[in-house]
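Asker: The opening position of the sequence shown corresponds to residue 28 in the numbering used here, with each subsequent residue numbered one higher.
Yeah, the Cβ is synthetic: ideal placement off N, Cα and C, and Gly gets one too.
This structure is in structure tokens; I'll ask about it shortly.
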Amino acid sequence: MNEKREILLESGTNELEIVEFLIGTNQFAINVMKVREILNPVPITKVPHSHPNIEGIIELRGEVLPVIDMAKALGFPPSETPQQDKFIVAEFNQQKVVFHVHNVTRIHRISWRQIEKPSQMYQGLDGQVIGVVKLEGKMILLLDFEKMVVDINPETGINVQQVKKLGKRERSNKKIVVAEDSPLLRKLLHDTLAEAGYVLVEFFEDGEAALHYLQAIVKEGKDIEQEVQLVITDIEMPQMDGHHLTKRIREDEKLSKLPVIIFSSLITDDLRHKGEKVGATAQVSKPEVGELVKVIDKYIL
């Protein structure tokens with residue numbers, strides 16, 4: 028995967044690269060920005076009484092990493108061709124984890140507009156699919172890897188206790204716009220921001236919907252800084268990602284003064300420059316919601 032360093036996309040183009048992989052004959056994908064490397068399987072050390080989806084641990088260049096059995100996590104049978112199996116080493120939410128898949132096929136460069144939101148009919152709050160990619164006559168499912176990890180270890184998720192540690196909070200009349208595609212995370216953010224005193228929060232499922240909302244305020248002749256005080260955006264979202272949303276806000280003369288905080292599992296040392304390039308005011312890694320509240324305080328209180 029080292030060659031991916033050479034093909035990292037420009038910031039704010041609303042494009043991404045996905046690694047397509049197989050579980051059985053079913054096609055799934057992970058954002059290249061999450062992938063550190065792809066390995067042939069190595070011996071796994073079993074861990075007694077671990078979560079059913081954890082195969083065990085491996086040592087990789089001095090680091091001990093958990094291995095998630097993707098077939099088991101998704102409810103599929105084991106690999107019929109284990110000689111083709113691969114380990115995808117991923118990094119997000121400030122941690123590294125290994126996903127055991129049945130094969131890795133290729134990398135695709137696509138637009139976020141090619142990714143459809145999953146229907147509530149087959150998805151719901153507990154779904155593991157964040158998008159459906161229709162490509163070359165097939166459907167590839169983009170998975171919610173963060174949720175898979177949180178299901179195994181809830182401690183890695185957003186925790187309202189982080190906000191409670193900040194002490195008693197006054198109710199704020201400042202209005203915040205949030206772009207976040209995960210229904211579960213929207214609910215968690217709603218609860219934690221309310222705990223922090225921020226009760227005037229407008230949520231949108233993707234960057235495009237958030238941008239249209241902001242543009243509509245300006246179109247009505249209202250002063251955007253009176254109507255909205257801050258924008259929070261995820262990066263990975265169907266239709267329009269957070270980097271492109273930030274870029275569009277910065278390029279709009281009437282929206283450009285709005286503080287934009289990128290709150291994403293993809294805030295790493297390697298990727299922070301992408302947010303800086305599109306003009307993000309600040310960047311906070313999920314699940315550090317306590318830090319997010321401190322940054323919000325800094326820019327709008």
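(1) Answer with buried or exposed for proline 104, where buried requires no fewer than 16 other C-beta atoms within 10 angstroms of its C-beta.
(2) Which word fits alanine 243, buried or exposed, when buried means at least 16 other C-beta atoms lie within 10 angstroms of its C-beta?
(3) Across the region 280 to 298 and the region 102 to 116, are there enough close Cβ pairs to call them in contact, namely three or more that are closer than 8 Å?
(4) Measure the alpha-carbon distance for arginine 299 versus alanine 236 and round it to whole angstroms.
(5) What are the boundary residues of the beta strand (DSSP E) that includes phenylalanine 55?
(6) Excluding the 5 residues preceding and the 5 following valine 245 in the sequence, name in chain order all residues of the same chain whose CB lies nearer than 7 Å to its CB.
(7) Between the region 163 to 176 and the region 118 to 130, do at least 3 Cβ pairs fall closer than 8 Å?
(8) Which residues does DSSP pair with threonine 72 in a beta bridge?
(9) Given that a residue counts as buried once 16 or more other Cβ atoms are within 10 Å of its Cβ, and exposed if not, what is glycine 302?
(10) Serine 146: buried (16+ other C-beta within 10 angstroms of its C-beta) or exposed?
(11) What residue range does the alpha helix (DSSP H) around valine 316 cover?
(12) Taking contact to mean 3 or more Cβ pairs, one atom from each stretch, closer than 8 Å, check whether the region 207 to 223 and the region 256 to 274 are in contact.
(13) Might you give, ordered along the chain, the residues of its own chain that have their beta carbon closer than 7 Å to the beta carbon of arginine 277, omitting 5 neighbours on each side?
(14) Roughly how many angstroms lie between the CA atoms of isoleucine 115 and leucine 66, to the nearest whole one?
(15) Could you spell out the range, first to last residue, of the alpha helix (DSSP H) harbouring aspartate 261?
(16) Mind checking which residues open and close the beta strand (DSSP E) that includes glycine 269?
(17) Using only the alpha-carbon positions, how far apart do histidine 217 and proline 70 sit?
(18) Considering only C-alpha positions, which residue in the set Thr52, Val46, Gly51 is nearest to asparagine 58?
(19) Indicate whether valine 190 and glycine 317 have their beta-carbon atoms separated by less than 8 Å.
Answerer: On the basis of the supplied data:
(1) exposed
(2) exposed
(3) no
(4) 24 Å
(5) 53 to 58
(6) Ile251, Lys281, Leu282
(7) yes
(8) Ile84
(9) buried
(10) exposed
(11) 316 to 327
(12) yes
(13) Ser283, Val305, Gly306
(14) 6 Å
(15) It is not in any alpha helix (DSSP H) - aspartate 261 carries neither H nor E in the DSSP assignment.
(16) Careful: glycine 269 lies outside any beta strand (DSSP E), inside the alpha helix (DSSP H) at 269 to 278.
(17) 43 Å
(18) Val46
(19) yes
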